[in-house]
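Participant: Residue numbers for the sequence shown follow numbering that gives the first Met the number 0, beginning at 0 and rising by one.
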Amino acid sequence: MKILIADDESIIRMGLKAMLQELGHHVFAAVNGREALQMARSHQPDLAILDIKMPYTDGLQAAKTLSRTQPMPILLLTAFSEKDLIEKASDLSIQGYLIKPIKPEELTAAIAVAQKRFEESQRLAAEKADLEKKLVERKVIEQAKGKLMKTGMNEEDAYRFIQKYARDNRKSMYQSAAAILKRPNL
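Written out as structure tokens, the structure reads:
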């Protein structure tokens, strides 16, 4: 797996890089959040581990930007367990919060959990988008049915009319309903 790490402390950064490489990962190391964002664009990592407190762009801002521009599992790493940092981190689309020093077995578990959580959140986001699209399409079909019913058709006949229109014009029910709504007279 390609993993991006960012930590301004060289000892932590080198130790984390060595640990991840021993686990078989390909690691890209950045010294701050700004560099991490640049490396993410150029290396397309599968996961990011970001220290929270770094110069220029901190880990929270980098995580926020990555979540928006390059969705991937993100773990935040910090030496601090301050309540306000935890609250800020929980408002972001991250998959874990690790406190230094970290052990290899903790890192392995955190990466596995982060991947699963990220995959699940991506699946749920796609499912939500699909359901929202279907709802919009259903509303358009219902509006077209209503328009047809105003011409004297009953609900079943109006639905069948839209189906036939869709078949005859090789369009989806939604496209056909939208076309019916645009027609000034029926």
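Beta carbons are placed, not taken as given, at the ideal position from N, Cα and C, and that holds for glycine.
Find out if the Cβ-Cβ distance for the pair LYS16, GLN43 is shorter than 9 Å.
Facilitator: Within the sequence shown, numbered from 1, the residue matching residue 16 stands at position 17. Within the sequence shown, numbered from 1, the residue matching residue 43 stands at position 44. Cβ atoms of LYS16 and GLN43: not closer than 9 Å.
Participant: Have a look at GLY32, ASP45 and LYS102 and flag the residue whose alpha-carbon is nearest the alpha-carbon of LYS63.
Facilitator: The sequence position of residue 63 within the sequence shown is 64, counting from 1. Ranking GLY32, ASP45 and LYS102 by Cα distance to LYS63 puts GLY32 first.
Participant: Report the three-state DSSP secondary structure of ASP83 (helix, strand or coil).
Facilitator: In the sequence shown, the residue the question calls residue 83 occupies position 84. Helix.
Participant: What is the DSSP secondary structure of ILE140, reduced to helix, strand or coil?
Facilitator: Residue mapping note: residue 140 aligns to position 141 of the sequence shown, counting from 1. DSSP places ILE140 in helix when its eight states are reduced to three.
Participant: For SER80, collect the residues of the same chain with a Cβ closer than 7 Å to its Cβ; drop the 5 residues on either side in sequence, then sort them by chain order.
Facilitator: Counting from one through the sequence shown, the residue named residue 80 turns up at place 81. Cβ within range, chain order: ILE98.
Participant: Bridge partners for HIS25 per DSSP, in chain order?
Facilitator: The residue you call residue 25 lines up with position 26 of the sequence shown. BP columns for HIS25 point to LYS1.
Participant: Report buried or exposed for SER171, applying the criterion of at least 16 other Cβ atoms within 10 angstroms of its Cβ.
Facilitator: What you label residue 171 is simply residue 172 of the sequence shown in a count that begins at 1. It is exposed - the Cβ of SER171 has fewer than 16 other Cβ atoms within 10 Å.
Participant: Looking only at DSSP bridge pairs, what is GLY95 linked to?
Facilitator: By one-based count along the sequence shown, residue 95 stands at place 96. According to DSSP, which records beta bridges pairwise, GLY95 is partnered with LEU74.
Participant: What is the rounded straight-line gap between the Cα of LEU49 and the Cα of ILE11?
Facilitator: As a working mapping, residue 49 is identified with position 50 in the sequence shown. As a working mapping, residue 11 is identified with position 12 in the sequence shown. Approximately 11 Å between the Cα atoms of the pair.
Participant: Who does ILE48 pair with in a DSSP beta bridge?
Facilitator: In the sequence shown, counting from the first residue as 1, residue 48 sits at position 49. For ILE48, which the question treats as bridged, DSSP gives the partners ILE4 and LEU74.
Participant: Between the beta-carbon of ASP7 and the beta-carbon of MET71, is there less than 9 Å?
Facilitator: The count along the sequence shown starts at 1 and reaches residue 7 at position 8. The count along the sequence shown starts at 1 and reaches residue 71 at position 72. No, the pair does not count as a contact, with Cβ atoms beyond the cut-off.
Participant: Taking the beta carbon of ASP57 as the centre, do at least 16 other beta carbons fall within 10 Å, making it buried, or is it exposed?
Facilitator: As a first step, residue 57 must be located in the sequence shown, where it is residue number 58. ASP57 comes out buried.
Participant: How is GLN174 classed by DSSP in three states: helix, strand or coil?
Facilitator: On the sequence shown, position 175 is the one that residue 174 refers to. Reduced to three states, the DSSP call for GLN174 is helix.
Participant: Relative to the alpha-carbon of PRO100, which residue among MET18, LEU3, PRO183 and LYS115 has its alpha-carbon at the smallest distance?
Facilitator: Within the sequence shown, the letter at position 101 stands for residue 100. Of MET18, LEU3, PRO183 and LYS115, the residue nearest in Cα terms is MET18.
Participant: For ALA124, is the classification buried or exposed, using 16 other Cβ atoms within 10 angstroms of its Cβ as the cut-off for buried?
Facilitator: Stepping through the sequence shown from its first residue, residue 124 is reached at position 125. Classification for ALA124: exposed.
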